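Student: The sequence shown lines up with residues -20 to -1, 1 to 293 when you count with mature numbering (1 follows the signal peptide of the UniProt record, and there is no 0).
Take this structure, written in structure tokens, and hold onto it; I'll ask about it next.
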Amino acid sequence: MKSLYLLFMFALLVQTSLFAQETVLQDTIKVEKQKKDSTTSVGAFISHQTDAIIGSVFGPSKQLSNADSIINKFDANPSFGIYKDNYFIVGTQMLSKPTKYNSDAKFQISIMHRITNSTLPFKTYAFLTYTQKAFWDVFQDSFPFRDLNYNPTLGVGKALVRDNRFLGTLTFQFEHESNGKDGEDSRSWNKVSFGTYFTLDDHFTLQTKAWIPIVDGTNNKDIVKYSGWGLMAMEYSSPKKKYNIGCVVTKRGGVNLNANIELNFSIRLFSDDNQYLFLQYYNGYGESMLDYNKHRQRIRLGFVIKPTFITMY
């Protein structure tokens, strides 16, 4: 009888222990499931909020419908084409009487060559650009060129795509800029620049660019103070791009709110091409390499040939 009692108590003890272990195991599984569900919910919430923010900032593109078409748009464009605005304008110094000494012509030639398609790592592409800007004293005897600025670059770019929506581009470039002169008139510097270009909707674009300056010119050690270390540009294009309005703000050196400002206004001359009547206003320093440390406030009028896909500043 005593043996039966001991056997009964042992069986009861084993059953109680097994029940306790099963309860602990179920509680552990429940906690792990709750953690997993919580992590999934947080991830879904972050993804949803990101999509909501992007949807509120970036409007839908009517030109491109999916990621592949965006990449194909880049790769289908001619490998050689216009990079920045190509223009020829004539004007004078504001707030003073126009003379042949304070009036001039300014023109810019800017081209780009895409070395590769978007086949590099992370679907990036390599490209070369060359921009030349000239300041021409056309009202003086013998029509001398006052300054020529040369700006070749080598860069890598990437199209930004999310949820079949074209957001813009990222660029990383090595830049050189100089005026090709020697002696006291020599000006030059190099830059490592990081740029973003955002298509907010079918009318508004936003561009930002910052650079790390490498100043090697002996006559322009303080060029960053006047020509700055970054810019922000916004452009509006009317329906069918009948006219464009652009504003470029270049932050000069220092911590105070100083900037060089450029305003552009263009009206399409013909409905089937990219030629525009062009008005440009500039206020600040650094418009030309030679006179980078001299303040200029000029207004000029002429014509411009604009890029058909993306306009860079």
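Idealized CB from N, CA, C, for every residue including glycine.
Predicted, not measured: the structure shown is a model, and the values here were computed from it.
Please state whether DSSP places Val235 in a helix, a strand or coil.
Tutor: Of the three classes helix, strand and coil, the one that applies to Val235 here is coil, per DSSP.
Student: Tell me Arg276's beta-bridge partners as DSSP assigns them.
Tutor: Answer is Gly264.
Student: I'd like to know whether the C-beta atoms of Asp82 and Gln88 end up nearer to each other than 7 Å.
Tutor: Looking at the sequence itself, residue 82 is Asn, so the reference to Asp does not match. No, Cβ-Cβ distance for Asn82 and Gln88 is not below 7 Å.
Student: In whole angstroms, what separates the C-alpha of Phe250 from that of Ile225?
Tutor: Each residue's alpha carbon lies about 17 Å from the other.
Student: Please name the residue, chosen from Arg167, Pro124, Asn199 and Val141, that lies closest to Asn131 on a Cα-to-Cα basis.
Tutor: Taking only the C-alpha atoms, the option nearest Asn131 is Arg167.
Student: Rounded to a whole number of angstroms, what is the C-alpha to C-alpha distance between Phe102 and Gly163?
Tutor: Answer to the nearest angstrom: the Cα atoms are 45 Å apart.
Student: Can you tell me which of the three DSSP states Val284 falls into?
Tutor: In this structure, Val284 counts as strand in the three-state DSSP scheme.
Student: Check Asp55 in the structure and name its three-state DSSP category.
Tutor: Residue state, collapsed to three classes: helix.
Student: Whole angstroms is fine: what's the gap from Leu237's alpha carbon to Gly208's?
Tutor: For Leu237 and Gly208, the distance between alpha carbons rounds to 12 Å.
Student: How many Å lie between Ile95 and Thr151 at the Cα?
Tutor: The alpha-carbon atoms of Ile95 and Thr151 are separated by roughly 14 Å.
Student: Taking the CB atoms as reference points, tell me whether Leu243 and Asn159 lie closer together than 7 Å.
Tutor: For Leu243 and Asn159, no; Cβs fall outside 7 Å.
Student: Would you mind working out which of Tyr223, Arg126 and Phe54 sits nearest Lys113, comparing C-alpha positions?
Tutor: Measuring from the Cα of Lys113, the nearest candidate turns out to be Arg126.
Student: Grouping DSSP H, G and I as helix and E and B as strand, with all else coil, what is Phe289?
Tutor: DSSP places Phe289 in coil when its eight states are reduced to three.
Student: Establish whether the CB of Ile247 and some CB of chain D are separated by less than 7 Å.
Tutor: Going by chain labels, chain D is absent from the structure shown, which holds only one protein chain.
Student: To the nearest angstrom, how far is the alpha carbon of Gly264 from that of Gln120?
Tutor: Distance between the alpha carbons of Gly264 and Gln120: 24 Å.
Student: What is the residue span of the alpha helix (DSSP H) that Ala251 lies within?
Tutor: A small correction: the amino acid at residue 251 is Ser; Ala does not occupy that position in the sequence shown. Careful: Ser251 lies outside any alpha helix (DSSP H) and carries neither H nor E.
Student: When DSSP labels each residue in this structure, what does Asp48 get in the three-state scheme?
Tutor: Three-state result, Asp48: helix.
Student: Taking the alpha carbon of Phe60 as the reference point, which residue from Tyr293, Tyr110 and Asn254 has its own alpha carbon closest?
Tutor: Out of Tyr293, Tyr110 and Asn254, Tyr110 has the C-alpha closest to the C-alpha of Phe60.
Student: If we ignore side chains and look at the alpha-carbon of each, how far apart do Ile247 and Thr176 end up?
Tutor: Their Cα atoms are separated by approximately 26 Å.
Student: Measuring CB to CB, does Ser98 end up less than 7 Å from Phe68?
Tutor: Against a cut-off of 7 Å, the Cβ pair of Phe68 and Ser98 comes out as no contact.
Student: Using the Cβ count rule (16 or more neighbours within 10 Å means buried), how would you classify Thr133?
Tutor: It counts as buried.
Student: What do you reckon, are the CB atoms on Glu215 and Thr185 nearer than 7 Å?
Tutor: Against a cut-off of 7 Å, the Cβ pair of Thr185 and Glu215 comes out as a contact.
Student: Does DSSP put Phe119 in a helix, in a strand, or in coil?
Tutor: Looking at Phe119 - three-state DSSP - the assignment turns out to be coil, as it is neither helix nor strand.
Student: Would you kindly check if the distance between the Cβ of Lys86 and the Cβ of Arg280 is under 7 Å?
Tutor: The answer is yes: Cβ separation under 7 Å.
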